[in-house]
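Residue numbers (numbering that gives the first Met the number 0): 0 to 325. Glycine residues also receive a C-beta, built at the ideal position from the N, C-alpha and C atoms. Computed from a predicted model, the values in this text were never measured in an experiment.
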Amino acid sequence: MTVLVTGAAGFIGSHVAQALLRRGESVIGIDNLNTYYEPRLKHDRLALLEGQGGFVFHRGDIADRRFMEGLADAYPGLTGFVHLAAQAGVRYSRTHPHDYASANLAGHLCVLELARGLHRLRHMVYASSSSVYGADAISPFDETQRAAEPMSLYAATKRADELISHSYALQYGIPLTGLRFFTVYGPWGRPDMAYFLFARAIRDGRPITLFDGGRLQRDFTYIDDIVAGVLAVLDRPPQSSPPARLLNIGNRHARPVHDLVALLEHGLGRKAVIVDSPRPNSEVLSTCADVDRLTELTGLSPTTDLARGIASFLNWFRVWEPAVTT
């Protein structure tokens with residue numbers, strides 16, 4: 000199978016590309032290598048992929064119609080598609096709204112148009128987010144909930160992607176699965192995520208801000224569990240009419256953020272300097288995934304314990320971080 004992976008230099012995308020290569024697939028990776036966070040990390044992830052047999056990389060923007068049309072012409076025999084490129088970040092969407100319209104709306108539409116022209120495509124899996132559940136969600140979140148009250152522009156764009164994808168599956172018969180990821184963490188992670196920001200600050204003796212004393216709860220999901228889920232779902236196209244579905248991938252357990260901080264303190268051997276702050280209205284109180292549909296489809300149920308996952312992240316962090324700070 001030949002699989003196109005968008006966002007191949009990103010956190011989840013690079014891990015997915017590695018896993019596909021390990022099982023013998025050919026991977027076409029694309030990424031625009033933007034500066035939303037330090038490009039050095041993206042280039043280092045990409046360096047692990049380049050030079051491997053079966054991997055080809057193209058630098059480009061998913062919202063660039065001409066670039067995307069060129070991919071359709073270059074790779075008409077593509078059979079798998081994992082779309083992970085997006086503008087991430089809830090708080091960043093307050094200050095850079097047009098980036099979300101470009102990457103998450105126009106970009107997603109270009110991706111669907113590319114998929115529509117791939118006549119051998121068996122399945123496209125794309126990234127959604129637990130943030131789509133919004134203000135009206137009831138924990139644990141399951142895929143039947145309305146997801147009609149997004150609390151940020153980012154969440155609204157990801158929910159819009161789900162709806163647009165459903166329309167393309169209905170009109171054109173493209174097999175599409177949206178995966179609602181829950182707070183993904185682990186080695187090679189994104190520096191804008193809380194666990195990475197906290198690790199840097201604790202190590203350097205700088206203060207960290209905790210909303211509501213760290214009592215907000217998140218369903219922290221380790222990267223290996225996410226990757227296993229992506230590949231297992233990719234291998235199982237929807238058989239429904241229309242061929243569209245949504246699935247949660249989460250760890251099924253809501254943990255308070257102060258537990259995360261305690262694990263980082265223990266692993267780094269330093270106490271955090273904590274500044275308490277009220278919860279902003281873009282932040283939900285708790286996230287927790289119901290993964291029954293994922294388990295029924297694939298037999299998988301993410302179970303990596305937060306303590307083990309954070310220890311793995313810190314082992315990587317200690318090795319990679321000095322390359323950036325020195």
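Put residue i into one of helix, strand or coil per three-state DSSP.
i: residue 317; result: helix
i: residue 80; result: strand
i: residue 69; result: helix
i: residue 312; result: helix
i: residue 85; result: coil
i: residue 18; result: helix
i: residue 100; result: helix
i: residue 170; result: helix
i: residue 46; result: helix
i: residue 226; result: helix
i: residue 158; result: helix
Which residue's Cα is closest to the Cα of residue i: the options?
i: residue 228; options: 176, 252 and 201; result: 176
i: residue 38; options: 65, 299, 267 and 187; result: 187
i: residue 115; options: 216, 170 and 293; result: 170
i: residue 87; options: 108, 286, 215 and 128; result: 128
i: residue 272; options: 314, 198, 317 and 296; result: 198
i: residue 178; options: 158, 73 and 246; result: 246
i: residue 139; options: 65, 15, 318 and 289; result: 289
Have a look at the DSSP bridge pairing and note the partners of residue i.
i: residue 179; result: 127 and 247
i: residue 28; result: 4 and 56
i: residue 206; result: 272
i: residue 184; result: 221
i: residue 285; result: 216
i: residue 254; result: 217
Legend entry - Segment contact flag, the stretch 49–58 with the stretch 25–37, C-beta cutoff 8 Å, min 3 pairs: Yes, since at least three Cβ pairs between the stretch 49–58 and the stretch 25–37 fall closer than 8 Å, the two stretches touch.
Legend entry - contact_flag[the stretch 138–157, the stretch 281–291] where n(CB pairs < 8 Å) is 3 or more: As far as the Cβ criterion goes, the stretch 138–157 touches the stretch 281–291, which means the pair count is three or higher.
Legend entry - Any 3 or more C-beta pairs closer than 8 Å across the stretch 103–115 and the stretch 140–149: Taking 8 Å as the limit for Cβ pairs, the verdict is that the stretch 140–149 does not touch the stretch 103–115.
Inset, instruction - Could you tell me which uninterrupted beta strand (DSSP E) segments, each at least 3 residues in length, are contained entirely in the stretch 109–155, listed from first to last along the chain? - result: Counting only runs of 3 or more, we get 122–128.
Legend entry - Three-pair Cβ contact test at 8 Å for the stretch 237–257 versus the stretch 213–223: Because the criterion of three Cβ pairs below 8 Å is met, the stretch 237–257 and the stretch 213–223 touch.
Inset, instruction - Give a yes or no on contact between the stretch 255–262 and the stretch 225–243, applying the rule of three or more CB pairs nearer than 8 Å. - result: No: the two stretches stay apart, fewer than three of their Cβ pairs being nearer than 8 Å.
Legend entry - Three or more C-beta pairs below 8 Å linking the stretch 111–126 and the stretch 296–311: As far as the Cβ criterion goes, the stretch 111–126 does not touch the stretch 296–311, which means the pair count is below three.
Legend entry - Cβ pair count under 8 Å reaching 3, the stretch 9–25 against the stretch 60–71: Under the Cβ criterion (8 Å, minimum of three pairs), the stretch 9–25 does not count as touching the stretch 60–71.
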